[in-house]
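Have a look at the structure below, then the notes.
Number of protein chains: 2
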Amino acid sequence: MTVRILTEAELREVARLDARAVDTIAGAFAALHRGEAVMPPVLSMDLEELNAEVDVKTAWMRGLDSFAVKISSGFFNNALHGLPSLSGMMAMLDSTTGRVSAVLLDNGWLTDLRTAAAGAVAARYLARQDAAVATVIGTGLQARLQLEALTLVRPIEHAFIWGRDPDKARACARDCGERLGIAVEAADDVADAVRTADIVVTTTPAREPLLHAAALQPGVHVTAMGSDAPDKNELEPSILVRADLFVCDRQSQCASIGELRAAIAAGTIPSGARVPEIGAITAGEHAARENDQQITVADLTGTGVQDTAIAALALDRATERGFGAILSTD
Amino acid sequence: MTVRILTEAELREVARLDARAVDTIAGAFAALHRGEAVMPPVLSMDLEELNAEVDVKTAWMRGLDSFAVKISSGFFNNALHGLPSLSGMMAMLDSTTGRVSAVLLDNGWLTDLRTAAAGAVAARYLARQDAAVATVIGTGLQARLQLEALTLVRPIEHAFIWGRDPDKARACARDCGERLGIAVEAADDVADAVRTADIVVTTTPAREPLLHAAALQPGVHVTAMGSDAPDKNELEPSILVRADLFVCDRQSQCASIGELRAAIAAGTIPSGARVPEIGAITAGEHAARENDQQITVADLTGTGVQDTAIAALALDRATERGFGAILSTD
Chain A
693 MTVRILTEAE
703 LREVARLDAR
713 AVDTIAGAFA
723 ALHRGEAVMP
733 PVLSMDLEEL
743 NAEVDVKTAW
753 MRGLDSFAVK
763 ISSGFFNNAL
773 HGLPSLSGMM
783 AMLDSTTGRV
793 SAVLLDNGWL
803 TDLRTAAAGA
813 VAARYLARQD
823 AAVATVIGTG
833 LQARLQLEAL
843 TLVRPIEHAF
853 IWGRDPDKAR
863 ACARDCGERL
873 GIAVEAADDV
883 ADAVRTADIV
893 VTTTPAREPL
903 LHAAALQPGV
913 HVTAMGSDAP
923 DKNELEPSIL
933 VRADLFVCDR
943 QSQCASIGEL
953 RAAIAAGTIP
963 SGARVPEIGA
973 ITAGEHAARE
983 NDQQITVADL
993 TGTGVQDTAI
1003 AALALDRATE
1013 RGFGAILSTD
Chain B
693 MTVRILTEAE
703 LREVARLDAR
713 AVDTIAGAFA
723 ALHRGEAVMP
733 PVLSMDLEEL
743 NAEVDVKTAW
753 MRGLDSFAVK
763 ISSGFFNNAL
773 HGLPSLSGMM
783 AMLDSTTGRV
793 SAVLLDNGWL
803 TDLRTAAAGA
813 VAARYLARQD
823 AAVATVIGTG
833 LQARLQLEAL
843 TLVRPIEHAF
853 IWGRDPDKAR
863 ACARDCGERL
873 GIAVEAADDV
883 ADAVRTADIV
893 VTTTPAREPL
903 LHAAALQPGV
913 HVTAMGSDAP
923 DKNELEPSIL
933 VRADLFVCDR
943 QSQCASIGEL
953 RAAIAAGTIP
963 SGARVPEIGA
973 ITAGEHAARE
983 NDQQITVADL
993 TGTGVQDTAI
1003 AALALDRATE
1013 RGFGAILSTD
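Those sequence lines, one after another, are chains A and B.
Each position in the first sequence, counted from 1, maps to that position plus 692 in the working numbering.
Each position in the second sequence, counted from 1, maps to that position plus 692 in the working numbering.
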């Protein structure tokens, strides 16, 4: 028996934010919708005295040679050590034998990638075809990747970045403008930045809503991808019912850690209400955006099928190219 | 940043079933009891169409440099491929930064080891000091390891092995006798084999009780370590109330996947009843066995603190000896 060990550098080389990654994530959502995947609830360990948390996600998908068990860590004092807060790895288990076939030491890159790709999937099905203006709330790595992801699926020409720290917003705008070759500017005010946007993406760990219903114009699409815990909330709950189409990545998960949770807690949405999942749309079994006036909202919490799908893609490409150390485990 | 990758052979070399392993597990239970550990509920993925399951356990323990996230797989059609059903690995995360510091490709060895060591801990505190006769129900690897574990803590001279398949029971008895240098024989009847035993260990995936209260004699200690899922049950529920002392490794976990679950389901134990945990005993805060007439029972489901403690021990020893491949993850 052998195990292939891949490093972050190798994984960044084979797994990039490109059309193939976006298609892969769209397919993962569809597989989940069709019942071709098994995805248990997330394991979550809160380490209060360390200001840290560890999550484990997994999903098996029919037809893939292996499936991922992903460990994600968030150690929020890491800046003191000059390290990013988020890290992690994935173990790949053989779908026939359950034995470990590969270890992806990605330090969280594949999570960043599949999260950004999910933003692209949401925009592909829910944003106006001619969407040219994007507003990103948040200034971190995922803010940068979400904007890049939008440029893969819509003709984005202009973007606004808003963050609580204006310096970080300016830095993020500068980085994105240089990298993407489009006009990107830091915004002083969320509502102003949202009013002209065709697409809004929220990428923060906010605990109080940053985006209010009053700021939304007809035709806008909103992707909220920051909330991944029961104490987080980026959207004013009424946005979810004002939307003509509101979708979850996984309803049960959004109801416990996403924007849907906050809306249920606020009494805006009944806890038993059925919300379409994005996989029903990518599978062609639920309508996507139907006209240029609809308001659409996607609540993305991050799912195990995304992890397994992106990891399987990365492992296939790495294997083709002979990347990685091969260890005998006997 | 670097990651140390250790193989099964290396881990078997540094982590053995010995007094140090038993002390380590006793200490882990005590730490859990004292609130010096954080241990979330198990992640469990049932893959019905593959006749397989995947579990993830983890625990952080104060004072250790790293903690384990353990992935265990059980693929019960593996015999068709000539492979053992159980496998797995552990990722070690740095307790300060959350970054992956080591990958232990143990194929389940550390789980086997910490499970056997827990049996030794239970016997050390709950079996009669002069316990000389042990009966093991089950004929697999863990049956062998549990008997070996008992010999570390009690003067075992004679053992009986019972299994549904008499050939396997004979083979297990022969193996154990040769390995341990004591008299071991296969038993034809569970009740007979239990009647003369000072210690009984059940190590099966039984779904109906194999051990009945009528067979138990005063002074016996019973460790049930087979049940680890809501459909498993080795002990007749009345045994738990007939016992003078009944302990769990982790009450909440035993109530969902251990013998305690079956007793609650049968109405034998009220669901709110408080059961002492073995860590209270190893921490010296709850009485152990008090005389040679008591009947004692331990319900062991396997806990994340055991995984983290045994993995930290193995990693320390492996590092001292310079074992493993060191990969840069940058």
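Every residue, glycine too, gets a C-beta built ideally from N, C-alpha and C.
query	result
Do L694 (chain A) and I961 (chain A) have their C-beta atoms within less than 9 Å of each other?	Reading the sequence as shown, one finds Thr at residue 694 (chain A) and not Leu. The answer is no: Cβ separation not under 9 Å.
With I961 (chain A) as the anchor, note down where its beta strand (DSSP E) starts and where it stops.	Note, I961 (chain A): premise wrong, no beta strand (DSSP E); not H, not E.
For the alpha helix (DSSP H) containing L797 (chain B), name the first residue and the last one.	Unbroken run through L797 (chain B) is the beta strand (DSSP E), 792-797; no alpha helix (DSSP H).
Which of the residues in the region 729-748 of chain A, read from start to end, lie with their CB under 7 Å from any CB of chain B?	V730, P732, L735, S736, M737, L739, A744, V746, V748
Below 9 Å on C-beta distance, what does H773 (chain A) contact in chain B?	T788, T789
Beta-carbon of A751 (chain B) versus every beta-carbon of chain E: anything under 9 Å?	Absent from the structure: chain E. Protein chains present are A and B.
For G766 (chain A), go through chain B and note every residue whose CB falls closer than 9 Å to its CB, in chain order.	G790
Give a yes or no on whether 9 Å exceeds the smallest Cβ distance from A1010 (chain B) to chain A.	no
Identify whether H913 (chain A) lies in helix, strand or coil by the three-state DSSP scheme.	strand
Using the beta-carbon of each residue, which ones in chain B are nearer than 7 Å to A794 (chain A)?	Within 7 Å Cβ-Cβ: nothing; A794 (chain A) doesn't reach chain B, min ~11 Å.
Answer with buried or exposed for E969 (chain B), where buried requires no fewer than 16 other C-beta atoms within 10 angstroms of its C-beta.	buried
For V949 (chain A) and chain B, any beta-carbon pair shorter than 9 Å?	Checking the sequence shown, residue 949 (chain A) turns out to be Ile, not Val. Answer no: the Cβ-Cβ gap between I949 (chain A) and chain B never drops below 9 Å.
Between the C-alpha atoms of I812 (chain B) and I853 (chain A), what's the straight-line distance to the nearest angstrom?	According to the sequence shown, residue 812 (chain B) is Ala rather than Ile. Rounded to the nearest angstrom, the two C-alpha atoms are 60 Å apart.
Report yes or no: is there a C-beta of chain B within less than 9 Å of the C-beta of V997 (chain A)?	no
Under 8 Å Cβ-Cβ, which residues of chain B neighbour L785 (chain A)?	V746, I763, S765
DSSP puts E969 (chain A) in a beta bridge; with which residues?	A:C940
Could you pull out every unbroken beta strand (DSSP E) segment of at least 3 residues lying fully inside the region 814-842 of chain B, listed in chain order?	825-829
What's the gap between the Cα of T888 (chain A) and the Cα of T895 (chain A)?	19 Å
Measuring straight from C-alpha to C-alpha, what distance separates T988 (chain B) and D880 (chain B)?	25 Å
Where does the unbroken beta strand (DSSP E) through S765 (chain B) begin, and where does it stop?	758-767
Helix, strand or coil: which one does DSSP assign to G811 (chain B)?	helix
Count the C-beta pairs between the region 801-821 of chain A and the region 971-991 of chain A that are closer than 8 Å, then say yes if the count reaches three, no if not.	yes
Quick one, which residues of the region 932-956 of chain A are near chain B if we go by CB-CB under 7 Å, in chain order?	none
Touch check for the region 866-883 of chain A and the region 787-805 of chain A: three-plus C-beta pairs under 8 Å?	no
I believe A878 (chain A) touches A861 (chain A) by the beta-carbon criterion, under 8 Å. Please report the beta-carbon distance rounded to the nearest angstrom.	4 Å
Just by C-beta distance, which residues in the region 697-725 of chain B are closer than 8 Å to chain A?	I697, T699, E700, A701
Thinking just about the alpha-carbon of each residue, which of B:L772, B:F938, B:E741 is nearest to the one in A979 (chain B)?	B:F938
Any beta carbon from chain A within less than 9 Å of L797 (chain B)'s own beta carbon?	yes
Considering Cα atoms alone, identify which of B:M731, B:D936, B:A921 is closest to P910 (chain B).	B:D936
Give a yes or no on whether the minimum CB-CB distance between G780 (chain B) and chain A is below 9 Å.	yes
Going by C-alpha distance, which of B:A863, B:T1021, B:A875, B:A954 is nearest E900 (chain B)?	B:A954
Rank A:G959, A:G830, A:S1020, A:R708 by C-alpha distance to the C-alpha of I1002 (chain A) and give the top, closest one.	A:R708
Considering only C-alpha positions, which residue in the set A:P733, A:W752, A:I956, A:V714 is nearest to L932 (chain A)?	A:I956
Please list the partners that A1017 (chain B) has in chain A, where partner means a Cβ-to-Cβ separation under 9 Å.	I697, A1017, L1019
My guess is that R791 (chain A) and L785 (chain A) are in contact by the Cβ rule of under 8 Å, so how many angstroms apart are they, rounded?	7 Å
Where do the ends of the beta strand (DSSP E) carrying I725 (chain A) lie?	It should be noted that the sequence gives His, not Ile, for residue 725 (chain A). Unbroken run through H725 (chain A) is the alpha helix (DSSP H), 711-725; no beta strand (DSSP E).
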